[in-house]
Amino acid sequence: GGRVWRRAAVRGLKLPDDGSGVSFYCFKRIRDGKVFKNMYRARLDALGADRAVADSMVVEANAAFNFNTRMFQELDALGGFVAEEPAPLLTATASGKTPAAGVGAASGPGAAAACPFAALAASGVPMPKDH
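Just so we're aligned, residue -19 is where the sequence shown starts under the numbering used here, counting upward by one.
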């Protein structure tokens, strides 16, 4: 996800390719993204987390995705690419607390099931390879 956001920021904001302005998305110690992704998934699978823990992890991942989406929406508004600022995103943390001012909370059964990638795919946005 971070590499996709980095490319979008570099292209959309015409930032230099050296990582200036997007250092948050630079992972210099990860030599091979695919190897890291496979290792990360294997370790998550090996956790043996119960349903509640797994659901809370999905809720947190969705919140992080929504924060990134919101950042780019706000940059679009600042750059004049949209007529007005977007409405607040609905996100939640595992605790059910609102993660930041201006962002509503979504909790309860199904909150973790609201996968942002599924919503994008349903709207016709092409998904990354192997997703």
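Even for Gly, the Cβ is constructed at its ideal location relative to N, Cα and C.
Check: Same chain only: Cβ atoms within 8 angstroms of alanine 80, ignoring 5 sequence neighbours per side; Outcome: The pLDDT assigned to alanine 80 is 46, lower than 50, so where the model puts this residue is not dependable, and the model offers no usable value.
Check: Segment contact, 8 angstroms Cβ cut-off, at least three pairs: the stretch -19 to -4 with the stretch 51 to 62; Outcome: yes
Check: CB contact below 7 angstroms: glutamate 54 versus chain C; Outcome: Within the model displayed, chain C is absent; a lone protein chain is all it includes.
Check: Counted within 10 angstroms of its Cβ, other Cβ atoms place arginine -13 as buried (16 or more) or exposed; Outcome: exposed
Check: Under the three-state DSSP convention, the category serine 0 falls into; Outcome: coil
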